[in-house]
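Colleague:
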Amino acid sequence: MFELNDEQNQFRENVRRFVERDIRPVARDMEQAGSYPEKIVDTMKDMGLFGMTVPTQFGGLGLDSVSLAVVFEEIARGWMGIAGILGSHSVGCRLVSMFGTDEQKHRYLPALATGERRTGLGLTEPDAGSDLQGISTRARKDGDHYIVTGRKSWITNARHADPLPVLVKTDPEANPRHRGMSVLLIDRDTPGFEVVRDLGKLGYKGPETCELVLDEARVPADRLLGGTEGHGLQQVLSALEIGRINVAARSVGVAQAALDAARAYARQRHAFGKPIGAFQAIQLKLANLATETQAARLLTWWAADRLDRGERADVETGMAKMFASEVALQSSLESMRIHGAYGYSTEYEVERLYRDAPLMAIGEGTNDILRMVIARGLESREQ
């Protein structure tokens, strides 16, 4: 897919106006102050953005994946942290939409669509990140409840998530291990469920990123996603495909912001009697930034379109996320170099882009893990 249709273009313009009006003017000050963007969140509720991955029958927008990518690119271009609030929520909604029982969908999706409820994804643990099968959080059946014990870390939206889908082991002795893994939808007021601390971060400021503890938390058995044990890992991996589109699109947004900042500074800054953008060395950098950003954008749209057509997309979403995040890293660094000393100053937004970019190479599967996913996917398709 190489062009947006009229509806997608109009949606893009609406989101862009929101970003220019409500996000860009306050992003630097709020990010530096560590302020939670309540007013921005309220506006996103009014726009229906919390319902992007919720089907229309439950009050959501039911967006196609390309439109979803457009939203995350535009918002991340203004402030990547805001995109994170929507990102984890959208993946959590996707999980419930794809795999929830009818009762679970009716219980949660209408309120999730409006933002009255918010959600996230509880996967990572202090000793288990890329190796999800190595998690230690346990859920033991006790009558009509599960007793859950464990610790989760690096959880975006942890203080707001209600429910939080949490990956657990319902059968620690299962072989292969993934057959003993399930997802529980844990309500915020569950006794034994506690957010214990916020984690300090280099960038990605705005949304909270927390560590939480489950201490003999009693979770009703009807909160088992899909109603059947042993499908948790497959459910999570399926939902993470849209998560990788989200991260790829955020990366494109950061890369575009870095390019925009570099172009503006190259016109403004003079040296030796003319704008630095007139020098070939700067022109070559700008040409590379523009080309790589557009390539990342088109790769992201292509992967998203494949998801929309219902085709297998693990390789494609992995490619998009891996490539786009590397472009974001390089673009933010090159933009900083074009800015010179001012690129290191908090008076310019490029230093924030430089701090935000590394997260995209880590989140939703590190790039090295995704290289293995891509290689194995290519092999399996040839057999």
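Take the working numbering: the last position of the sequence shown gets the number 385, and nothing is skipped along the way.
Ideal Cβ placement from N, Cα and C applies to all residues, glycine included.
None of these values were measured; they are calculated from a predicted model.
Which residue comes first and which comes last in the alpha helix (DSSP H) that contains H341?
Modeller: On the sequence shown, residue 341 is found 339 positions in, with the first residue counted as 1. Segment D316 to H341, the alpha helix (DSSP H) holding H341.
Colleague: According to DSSP, simplified to helix, strand and coil, what is E196?
Modeller: Position 194 of the sequence shown, counted from the first residue, corresponds to residue 196. It is a strand residue.
Colleague: Can you list the beta strand (DSSP E) stretches of 3 or more residues lying completely in the segment 175 to 239, in chain order?
Modeller: 183 to 188, 195 to 200 and 211 to 222, all fully within the segment 175 to 239.
Colleague: How long is the line joining the alpha carbons of S113 and R119, rounded to whole angstroms?
Modeller: The residue given as residue 113 occupies position 111 in the sequence shown. The residue given as residue 119 occupies position 117 in the sequence shown. In the sequence as displayed, the identity of residue 113 is Ala instead of Ser. Rounded to whole angstroms, A113 to R119 spans 5 Å at the Cα level.
Colleague: I want to know whether the segment 134 to 151 touches the segment 73 to 86 - three or more CB-CB distances under 8 Å.
Modeller: Touching, no.
Colleague: Name the DSSP bridge partner or partners of E127?
Modeller: For this step, residue 127 is matched to residue 125 along the sequence shown. A130, per the DSSP bridge assignment.
Colleague: Do you know whose CA, among E218, L123, D129 and R179, lies nearest V185's CA?
Modeller: On the sequence shown, position 183 is the one that residue 185 refers to. That would be L123, whose Cα lies nearest to the Cα of V185.
Colleague: Determine the direct distance from the alpha carbon of G275 to that of V375, and round the result to whole angstroms.
Modeller: Here residue 375 corresponds to residue number 373 of the sequence shown, with the count starting at 1. Here residue 275 corresponds to residue number 273 of the sequence shown, with the count starting at 1. Going from the Cα of V375 to the Cα of G275 covers about 51 Å.
Colleague: Identify whether R271 lies in helix, strand or coil by the three-state DSSP scheme.
Modeller: Numbered from its first residue, the sequence shown carries residue 271 at position 269. Residue state, collapsed to three classes: coil.
Colleague: Taking the alpha-carbon positions, what's the A363 to T126 distance?
Modeller: On the sequence shown, position 361 is the one that residue 363 refers to. On the sequence shown, position 124 is the one that residue 126 refers to. Taking the straight line joining both Cα atoms gives about 16 Å.
Colleague: I'd like to know whether the C-beta atoms of A251 and T302 end up nearer to each other than 8 Å.
Modeller: The count along the sequence shown starts at 1 and reaches residue 251 at position 249. The count along the sequence shown starts at 1 and reaches residue 302 at position 300. Yes.
Colleague: According to DSSP, is P57 helix, strand or coil?
Modeller: In the sequence shown, the residue the question calls residue 57 occupies position 55. If DSSP states are grouped into helix, strand and coil, P57 belongs with coil.
Colleague: Looking at E294: is its Cβ nearer than 8 Å to the Cβ of V329?
Modeller: Within the sequence shown, residue 294 is the residue found at index 292, counting from 1. Within the sequence shown, residue 329 is the residue found at index 327, counting from 1. Yes, they are a contact pair.
Colleague: Could you tell me if N159 is buried or exposed, where buried requires 16 or more neighbouring beta carbons within 10 angstroms of its beta carbon?
Modeller: In the sequence shown, residue 159 corresponds to position 157, counting from 1. N159 comes out buried.
Colleague: Decide yes or no for the touch test of the segment 249 to 263 against the segment 297 to 312: beta carbon pairs closer than 8 Å, at least 3 of them.
Modeller: Counting Cβ pairs under 8 Å, three or more are found: they touch.
Colleague: Checking the sheet assignment: what are the DSSP bridge partners for V249?
Modeller: Working through the sequence shown from its first residue, we reach residue 249 at position 247. Looking at the DSSP assignment, V249 forms no beta bridge with any residue, so it has no partner.
Colleague: Does the segment 197 to 214 come close enough to the segment 155 to 169 to have 3 or more Cβ pairs within less than 8 Å?
Modeller: They touch, by the three-pair rule.
Colleague: Among D66, F74, S334 and R314, whose alpha-carbon lies nearest the alpha-carbon of L380?
Modeller: Taking the first residue of the sequence shown as 1, we reach residue 380 at position 378. For L380, the nearest C-alpha among the options comes from R314.
Colleague: On the three-pair Cβ rule with 8 Å, is the segment 166 to 174 touching the segment 233 to 246?
Modeller: Segments in contact, yes.
Colleague: Relative to the C-alpha of D48, which candidate in A141, T58, L355 and F20 has its C-alpha closest?
Modeller: Here residue 48 refers to the residue found at position 46 of the sequence shown. Cα-wise, what sits closest to D48 is F20.
Colleague: Under the rule that 16 or more other beta-carbon atoms within 10 Å means buried, what is Q106, buried or exposed?
Modeller: If you number the sequence shown from 1, residue 106 lands on position 104. When all chains shown are included, Q106 counts as buried.
Colleague: Name the DSSP beta bridge partners of H162, please?
Modeller: Looking up residue 162 in the sequence shown gives position 160. DSSP lists no partner for H162.
Colleague: With a cut-off of 8 Å on the beta carbons, I'd call A266 and S337 a contact; round off their distance for me.
Modeller: By one-based count along the sequence shown, residue 266 stands at place 264. By one-based count along the sequence shown, residue 337 stands at place 335. Not confirmed; about 10 Å, so no contact.
Colleague: For chain C, is any of its Cβ atoms less than 8 Å away from the one on N369?
Modeller: Reference to chain C is not applicable here, since this structure consists of a single protein chain.
Colleague: Who are the Cβ neighbours of T58 in its own chain at under 6 Å, not counting the five residues just before and after it?
Modeller: Within the sequence shown, residue 58 is the residue found at index 56, counting from 1. Within the same chain, T58 has close Cβ partners G64.
Colleague: What are the uninterrupted segments assigned as alpha helix (DSSP H) that are 4 or more residues long and contained completely in the segment 82 to 114, given in chain order?
Modeller: The segment 82 to 114 contains these whole alpha helix (DSSP H) runs: 82 to 101.
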